[in-house]
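Enquirer: Protein sequences, first through last, are from chains A and B. The numbers in the numbering used here rise by one with no breaks, and the one at position 90 of the first sequence is 90. Take any residue in the second sequence, count from 1 to its spot, add 303: that is its number in the numbering used here.
Protein chains: 2
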Amino acid sequence: MTIDEYLKSRRAMVEAALERELPPANTPPAVIHEAMRYAVLGGGKRIRPILAIAAAEACGAKIEPLLKAFSSLELIHTYSLVHDDLPALDNDDLRRGRKTTHVVFGEAMGILTGDALLTEAFSWLAAPVEGVDASRQLRAIAEVARAVDSTGMIGGQVADLEATIGGARTPRPHGADDVSALLFIHRNKTGKLLTASVLLGGILAGADDDELATLRRYGEATGLAFQIVDDLLDIEESAATLGKTAGKDVEQGKLTYPALMGAEAARAEAGRLLGEAVANADMIKGPLNYLAAIARFICDRRS
Amino acid sequence: MTIDEYLKSRRAMVEAALERELPPANTPPAVIHEAMRYAVLGGGKRIRPILAIAAAEACGAKIEPLLKAFSSLELIHTYSLVHDDLPALDNDDLRRGRKTTHVVFGEAMGILTGDALLTEAFSWLAAPVEGVDASRQLRAIAEVARAVDSTGMIGGQVADLEATIGGARTPRPHGADDVSALLFIHRNKTGKLLTASVLLGGILAGADDDELATLRRYGEATGLAFQIVDDLLDIEESAATLGKTAGKDVEQGKLTYPALMGAEAARAEAGRLLGEAVANADMIKGPLNYLAAIARFICDRRS
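1) Mind checking if A/R146 is an interface residue toward chain B, Cβ cutoff 8 Å exclusive?
2) In this structure, how does DSSP classify B/K402 when only helix, strand and coil are distinguished?
3) Does the beta carbon of B/S453 come closer than 8 Å to any beta carbon on chain A?
4) Compute the Euclidean distance between the alpha carbons of A/G167 and A/L86, then round it to the nearest angstrom.
5) B/A372 CB to nearest chain A CB: under 8 Å?
6) Is there contact here, the stretch 312–322 of chain B with the stretch 367–379 of chain B, by at least three beta-carbon pairs under 8 Å?
7) Helix, strand or coil for B/L486? Go by DSSP, reduced to three states.
8) Hey, does A/L75 have any beta-carbon neighbour from chain B nearer than 8 Å?
9) Kindly list, in the order they appear in chain B, the residues whose Cβ is closer than 7 Å to that of A/L86.
10) Which residue wins for smallest C-alpha separation from B/S438, given the options A/R272, A/D230, A/L125?
11) Note down, in chain order, each residue of its chain lying with its Cβ closer than 8 Å to the Cβ of B/E337, except the 5 sequence neighbours on either side.
12) Please state if the CB of A/D149 and the CB of B/E322 are separated by a distance shorter than 8 Å.
13) Give me whichever residues DSSP pairs with B/L503 in a beta bridge.
14) To which residues of the same chain is B/E324 closer than 7 Å at the C-beta, ignoring the five residues directly before and after it?
15) Starting from the beta carbon of B/Q460, find every residue of chain A whose beta carbon is closer than 7 Å, and list them in chain order.
16) Along the chain, which unbroken stretches of the alpha helix (DSSP H) at least 4 residues long are found entirely within the stretch 55–126 of chain A?
17) Return no unless some Cβ of chain A is closer than 8 Å to the Cβ of B/P327.
18) Using CA atoms only, rank isn't needed, just tell me which of A/Q157, A/G275, A/H83 is closest to A/L117.
19) What does B/V334 touch in chain A if you count any residue whose Cβ is under 8 Å from its own?
20) Does A/I141 get closer than 8 Å to chain B when you measure Cβ to Cβ?
21) Using a Cβ-Cβ distance under 8 Å, would A/E269 count as near chain B?
22) Can you find the residues in the same chain that come closer than 6 Å, C-beta to C-beta, to B/D395, ignoring five residues on each side of it along the sequence?
23) Who are the near neighbours of A/K189 in its chain, counting only those whose CB is closer than 7 Å to its CB and skipping five residues on each side?
24) So, at 6 Å on beta carbons, what are the nonlocal neighbours of B/L354 in its own chain, with the 5 sequence-adjacent residues on each side left out?
25) Going by DSSP in three states, A/L161 sits in which element: helix, strand or coil?
26) Do we get a CB-CB distance below 8 Å when we pair B/A598 with the residues of chain A?
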């Protein structure tokens, strides 16, 4: 199976789980369930559930019973996008080539839809899974929650807002403080949830502590590479290709890797992180291991 | 111990747990942790954690190890208030006699603070508790999550918004549809989390299925009575006593019990529900049972 075939088949499993497990659109009150489905089922790479699947498969697990838990990662990711897009935050009208949730359903529903997706995610994570120890599931919930709390994803978003608002960065020279602020933002805003996705796969697959430490290193390198590539794409791609308002990071004076160190150095750093990710991926000795291929895919992607 | 002494001592335990378990205000990024502490530590009756404590004590449990899990209920309640107060929702400037979180910290931080509190709540619920089975803890998380999801608390808030926005209710006559809409709003917006609070206490205390069914009936009756009394207080109390903009429900044309059936009938209904709550409370045969007294306190309160 090529990496493209692997990603396509696992993405289809995630899509099916999301479609099946989200409350039907006519569940009262219908508007919130329409909005939740609109936000979640509007495309996306599903990279977080796929990372969990790949980690679980690399550790030798059968993934069918774990798909609901893994798909919760996409609910969390989507909730963060829905809230980030709100007028009080990034004020984005377009996402994945479609109108953002608050543009379609109104600002109040945008806030509540994000809330509902986050809550639903924890429901899915807490649903009993046949063959998985309850204590492992509890550990997984704690790991995911910590990754997206005020010292994780939300903390990264707060630091990002502060960097932008404190702003007027372009064209003043950048310093060491900016690099450390940027690392804080990237590690927290996107890195920790990507790492937790890999760990969720390992924990529910029954990985031992050594394997989990390896998966964590893989996840951290892959997560940071993912974000650097994202920054590079924001500069390079046009709005048409990317489906969001491109170049906005630059326009808003956001801290990005290319802005701080130049596109060339940023590309080199992504390459170094890829090497680290691959080395750790290769230490997991399961029968079906696409972890390294996924890291390569993330660094080579064009959108 | 009188009910006042009981409530005071349990509330002090909850305050201490919240103070201890919330991230310190200087944790980076500091602003979100200041905002979380501002929102949570600004007073409040702490009725949800106290209901969990009372249920656990009625079932014979030692509550000290459970306080962190029980206090998560206050994080969830506070998150819902912080988001409900936002300009896009109820647009309230005052809460518990103080400026609301978004007024002090800005709208973006209001949204993210609510998100952070909800996430933190699930961290606290997933933290290992000595002496409690992981499978019971998982069940407790699922119960709490379901109570506050899009078919629970958030669903109630959505229905409430729709009733208000669909609005222009005053002074047109009210009908049967209004009564069923009102019951949907109250059962979901406040009732389910209050019921889940009671159940959380029972589940972590090791209650059997019969006891949990009794606790559920107690919680449902108490929760609905609580909301009816809230509606009555909104009409009766002045802004000075209540610490929020009183009479606002009426002004916004919100569905309330007194508006639909008159204050007299609403008071009678609260009394009937209190009887139901007390009858179920008395079926729990633990050594320390303040459940009935709490239900009475809720119905007699003046704020």
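We put the beta carbon where it would ideally sit given N, CA and C, even for glycine.
Expert: For this structure:
1) On the first sequence, residue 146 of chain A is found 146 positions in, with the first residue counted as 1. At least one chain B Cβ lies under 8 Å of A/R146.
2) Numbered from its first residue, the second sequence carries residue 402 of chain B at position 99. Note: B/K402 maps to strand in three-state DSSP.
3) Within the second sequence, residue 453 of chain B is the residue found at index 150, counting from 1. With 8 Å as the cut-off, B/S453 counts as an interface residue toward chain A.
4) Within the first sequence, the letter at position 167 stands for residue 167 of chain A. Within the first sequence, the letter at position 86 stands for residue 86 of chain A. No answer about A/G167 holds up, because its pLDDT of 49 lies below 50 and its placement is not dependable.
5) Within the second sequence, numbered from 1, the residue matching residue 372 of chain B stands at position 69. No - not a single Cβ of chain A is within 8 Å of the one on B/A372.
6) yes
7) Locating residue 486 of chain B in the second sequence gives position 183, counting from the first residue. In this structure, B/L486 counts as helix in the three-state DSSP scheme.
8) For the purposes of this step, residue 75 of chain A is identified with residue 75 of the first sequence, where counting begins at 1. No - not a single Cβ of chain B is within 8 Å of the one on A/L75.
9) By one-based count along the first sequence, residue 86 of chain A stands at place 86. Going along chain B in sequence order, the residues near A/L86 (Cβ under 7 Å) are I414.
10) The count along the second sequence starts at 1 and reaches residue 438 of chain B at position 135. Ranking A/R272, A/D230, A/L125 by Cα distance to B/S438 puts A/L125 first.
11) Position 34 of the second sequence, counting from 1, holds the residue named residue 337 of chain B. Within the same chain, B/E337 has close Cβ partners A328, F408.
12) Position 19 of the second sequence, counted from the start, is the residue given in the question as residue 322 of chain B. Position 149 of the first sequence, counted from the start, is the residue given in the question as residue 149 of chain A. Taking 8 Å as the Cβ cut-off, B/E322 and A/D149 do not qualify as a contacting pair.
13) Sequence index remark: in the second sequence, residue 503 of chain B carries index 200 (1-based). DSSP lists no partner for B/L503.
14) In the second sequence, counting from the first residue as 1, residue 324 of chain B sits at position 21. For B/E324, where only same-chain residues beyond five positions count, the Cβ hits under 7 Å are K371, S374, W427.
15) Reading the second sequence from its first residue, position 157 is the one you call residue 460 of chain B. Those within 7 Å of B/Q460 in chain A are L112.
16) 67–84, 101–105, 107–126
17) Residue mapping note: residue 327 of chain B aligns to position 24 of the second sequence, counting from 1. Not one chain A Cβ lies under 8 Å of B/P327.
18) Within the first sequence, residue 117 of chain A is the residue found at index 117, counting from 1. Checking every option, the nearest Cα to that of A/L117 belongs to A/H83.
19) Position 31 of the second sequence, counting from 1, holds the residue named residue 334 of chain B. Residues of chain A passing the Cβ test: V158, E162.
20) Counting from one through the first sequence, the residue named residue 141 of chain A turns up at place 141. At least one chain B Cβ lies under 8 Å of A/I141.
21) The residue labelled residue 269 of chain A in the question sits at position 269 within the first sequence. Chain B, which has no Cβ nearer than 8 Å to the Cβ of A/E269, makes this no.
22) Counted from its first residue, the second sequence places residue 395 of chain B at position 92. These residues qualify, in order along the chain: D388, T403.
23) For the purposes of this step, residue 189 of chain A is taken as residue 189 along the first sequence, with counting starting at 1. Here the set comprises M153, G156, Q157, D160.
24) On the second sequence, position 51 is the one that residue 354 of chain B refers to. Excluding sequence neighbours, B/L354 sits near S500, V501.
25) The count along the first sequence starts at 1 and reaches residue 161 of chain A at position 161. The answer is helix: DSSP assigns A/L161 an H, G or I state.
26) Within the second sequence, numbered from 1, the residue matching residue 598 of chain B stands at position 295. Taking Cβ atoms only, chain A never reaches closer than 8 Å to B/A598, which makes this a no.
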